[in-house]
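Visitor:
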Amino acid sequence: MKLAWTREEMMAIAAARLLPDGAVCFVGIGLPGVAANLARRLHAPDLVLVYESGPIGAKPKVLPLSIGDGELARTADTVVPTHEIFRYWLQGGRIDIGFLATAQIDRFGNLNTTVIGDYRSPRVRLPGAGGAPEIAAHARETLVILRHQRRAFVERLDFTTTVGYLDGGDARERLGLRGGGPRWVITDLGLMEPDPATRELVVTAIHPGVARAEIEANTGWPVRFAAEVATTPAPRPEELAALRDLRARTAAAHGRPSGE
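Numbering (the numbering used here), first residue to last: 34 to 293.
1. Spatial neighbours of E41 within its chain, please: CB distance less than 7 angstroms, with the 5 preceding and 5 following residues excluded, ordered by chain position.
2. Based on the DSSP output, what are the partners of E226 in its beta bridges?
3. Just checking, does the region 263 to 272 make contact with the region 229 to 246 on the three C-beta pairs under 8 angstroms criterion?
4. Rounding to the nearest angstrom, what Cα-Cα distance links D129 and E206 in this structure?
5. Could you give the C-beta distance for R282 and V95, rounded to a whole number, given that I count them as a contact under 8 angstroms?
6. In the DSSP output, what is E174 paired with across the bridge?
7. How far does the beta strand (DSSP E) with T252 in it extend, from its first residue to its last?
8. Looking at G125: is its Cβ nearer than 7 angstroms to the Cβ of A172?
9. Does the pairing of the region 177 to 195 with the region 147 to 156 give three or more beta-carbon distances under 8 angstroms?
10. Taking DSSP's pairing of strands, which residues face P155 in a bridge?
11. Taking the beta carbon of E249 as the centre, do at least 16 other beta carbons fall within 10 Å, making it buried, or is it exposed?
12. Would you call the region 153 to 167 and the region 105 to 112 touching, i.e. three or more CB-CB distances under 8 angstroms?
13. Mind checking L224: buried by the 16 CB within 10 Å criterion, or exposed?
14. Identify every run of the beta strand (DSSP E) within the region 42 to 67, keeping only runs that are complete inside it and at least 3 residues long; order them along the chain.
15. Can you check DSSP and say which residues form a bridge with Q137?
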């Protein structure tokens, strides 16, 4: 039987549901931006989107190509200098949610967006840190979204770009980081949350049609499951319609097929 939605759509919708109305969200480009802008169209019209380039309260009608996309500035409540975004808004404790994507993640929610392979001679050079280390250090909580693949969910990061819970336990607190750390990891297979004591990521929900064995096979460490694992509610028609409309309008604006 053919599914009525794709796994990528399920991931975006599951992430959007976690963003509460009225929260201030420091949002990245790519998968975080899809989910955050979808949330605004569904249940969180007063979600305040903050971008690294300075827009505050951006309300883009199409997904931006980058943090420098003019759509963000045109639709924002205000635009401030980048240093003000970080010093006053982020370091000042005014960001509720930092929403990040990543190339690699380990069992304690540490992230790598720098290199794959040896730092001095990498197989792949990634986009780099950007504002992610500061966002993860200061936001009240962090959401991370990525596709669930073994090459992404690794036992040991090739490079630690952004700190989650370090090696677990109270390591984050001992380091003196003010933000609360990763609260959710959203993938195309399910949802993960940190164990309250060890801070190791634990699977707490599995998306429809996904088996535990698939999650185990695509995780580079012996992944833990919660005592009671929920099944993510399937996408509702209005959620799918809003997501597909957003993608179609974005594709039309950028002159490429909507499936890209």
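Every residue gets a Cβ at the ideal spot worked out from N, C-alpha and C, and that includes glycine.
Guide: With the given structure in hand:
1. D221
2. V235
3. Counting Cβ pairs under 8 angstroms, three or more are found: they touch.
4. 18 angstroms
5. The Cβ separation is near 5 angstroms, so the contact holds.
6. I130
7. Careful: T252 lies outside any beta strand (DSSP E) and carries neither H nor E.
8. no
9. yes
10. G150
11. exposed
12. no
13. Classification for L224: buried.
14. 57 to 60
15. N145
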